[in-house]
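With UniProt numbering applied, the sequence shown corresponds to residues 1 to 359, in that order.
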Amino acid sequence: MKSIGLNLSGREYKILIGSDLLAETADLLKQVIPCDRVVVITNIDINRLYGKKLKKHLESKGIGSLFLELPEGEIHKSLDMASHIYPQLINHFAERNTPILALGGGVIGDLSGFVAATYQRGVPLVHLPTSLLSQVDSSIGGKVAVNHGGIKNIVGSFYQPKLVISDISCLKTLPEKEFACGMAEIIKSAAIGSSELFKQLETNTPAIKDRSPEIMEDIISQTAAIKAGIVCQDETDRGIRNILNFGHTLGHALESTSSFSQSHGAAVAIGMCFASRLSVKLGLCENETVLRLEKLIADFGLPTRPQDIDPEKIIDAMHHDKKVSDGRIRFILLKRPGEPLIAENILRADVISILEEMK
């Protein structure tokens with residue numbers, strides 16, 4: 001098991017990464033939050049795979065549990081769904097010291113975090129991420145949010161968990177499409193934070209696709225450490241943390257304009273290709289960087305170009321992005337793997353030119 005610590009102005013928590021950690025949840029939890037009951041928020045598929053075992057395990061350690069099973073999908077990450085959860089917490093007498101355990105992927109983590117942050121002005125939150133994407137990205141850093149009005153993550157806050165338990169054994173049951181989505185975030189982290197990890201992904205693509213436990217534990221730990229290090233410097237996304245949004249400016253716009261039928265990982269993959277091409281157009285990086293990035297993305301079964309887009313609608317959606325400042329869209333661009341930069345004064349014509357080039 002590997003452990004990564006975050007220290008945020010005296011508030012500390014750990015990210016634990018290893019095999020079969022769900023079977024140790026109660027002991028790991030009690031080290032951080034003494035409790036005799038918890039609320040577990042999950043979805044139908046994840047509950048079927050892991051719910052019964054987790055409930056039995058918790059009970060064997062003297063922890064009672066209420067399992068709330070939600071529908072699957074980004075469309076359900078909403079205020080309506082949060083409003084559906086609150087009465088159940090009230091009816092089961094969940095108190096301010098009752099931990100909420102988020103068992104699932106990014107949607108469950110975001111929604112559970114939002115509920116934990118707002119119920120009784122905040123209850124303890126523990127992430128049990130089961131998807132690759134949530135293990136390397138969404139469970140780390142304290143961003144919690146729901147979608148509203150067709151805009152992704154527009155209502156939310158920063159609310160740090162007490163603990164993150166990433167059981168890489170869960171990746172064995174992860175569908176290929178979801179595994180690829182997680183790889184998009186790993187590629188993003190390598191592109192902005194580590195040229196060595198980028199080379200490792202290029203070199204070990206077959207073993208990673210085979211989900212070798214040793215390699216997965218290594219690259220998940222490296223990726224989590226990159227994000228943790230950035231979050232510790234800029235918890236509330238006012239400065240350097242923006243670089244974690246490489247690929248996300250266009251990516252979120254693609255998700256929103258597709259009514260969330262476009263997966264997050266696929267959208268971010270296309271967004272990274274767009275941002276790197278824009279970087280070349282602005283004279284910031286060599287075309288070789290684009291070729292390496294697009295090959296790596298394609299090797300993991302992710303798209304490199306958008307399908308059936310209206311550039312004007314995409315730009316309008318970008319203006320709703322949380323990274324917009326004084327009406328200017330903020331892009332994270334790339335000089336080379338491991339060297340990102342933040343840019344705001346990008347001409348609309350240049351954005352449209354790249355979007356047209358990629359159609």
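Cβ coordinates follow ideal geometry from the N, Cα and C atoms, glycine included.
The structure presented is a predicted model; accordingly, all values stated were derived computationally and were not measured.
Spatial distance of residue i from residue j (CA atoms)
i	j	result
ILE100	SER353	46 Å
SER78	LEU49	24 Å
GLY301	PHE274	17 Å
LEU244	ASN287	22 Å
ARG330	GLN307	23 Å
ARG305	LEU291	13 Å
ILE168	LEU16	10 Å
LEU29	PRO124	11 Å
PHE198	THR205	11 Å
ILE309	GLN31	50 Å
GLU344	PHE260	26 Å
ARG37	LEU278	51 Å
LEU282	GLU339	15 Å
CYS181	GLU357	24 Å
PRO311	GLY193	29 Å
ILE33	ASP350	51 Å
GLN222	MET183	13 Å
Beta carbon of residue i nearer than 7 Å to that of residue j
i	j	result
ALA317	THR249	no
SER138	GLY106	yes
residue 362	ILE215	Only positions 1 to 359 of the chain appear in the structure, and residue 362 is not among them; the question remains open.
ALA207	PRO337	no
GLU69	ILE44	yes
LEU163	TYR119	no
VAL40	ALA94	no
ALA165	LEU21	Going by the sequence as given, residue 165 is Ile instead of Ala. Cβ distance < 7 Å, so ILE165 and LEU21 count as in contact.
LEU6	ALA228	yes
PHE114	VAL146	yes
HIS252	LYS152	yes
LYS53	SER65	no
LEU254	SER276	no
GLY247	GLY265	no
ILE315	ASN242	no
GLY141	VAL231	yes
THR130	ILE46	yes
Limits of the unbroken alpha helix (DSSP H) element including residue i
i	result
PRO213	213-233
ASN287	287-299
SER112	106-118
LEU254	248-257
PHE274	264-281
ALA317	311-318
VAL351	348-358
ASP27	25-32
ASP80	79-91
GLU59	52-60
THR205	205-209
N- and C-terminal bounds of the beta strand (DSSP E) containing residue i
i	result
LEU341	339-343
ARG336	331-336
LYS14	11-18
ASN7	2-8
ARG37	37-43
residue 381	The chain is shown only over 1 to 359; residue 381 falls outside these bounds and no answer can be derived.
Whole-Å CB distance - residue i paired with residue j, under 8 Å assumed
i	j	result
THR173	LEU103	Between LEU103 and THR173 the Cβ distance is about 13 Å, and since that is not below 8 Å, they are no contact.
GLU185	LEU133	5 Å
LEU296	GLU202	6 Å
ASN97	CYS170	Between CYS170 and ASN97 the Cβ distance is about 27 Å, and since that is not below 8 Å, they are no contact.
LYS61	ASP110	LYS61 to ASP110, Cβ: 28 Å. No contact.
Residue i: CB within 6 Å of a non-hydrogen atom of the ligand FAD
i	result
THR205	Summarising the ligand content, the structure contains no ligands, and the ligand FAD is consequently not present.
query = Fully enclosed by the region 128-203, which alpha helix (DSSP H) runs are 4 residues long or longer?
reply = Within the region 128-203, the complete alpha helix (DSSP H) runs of at least 4 residues are 176-193, 195-203.
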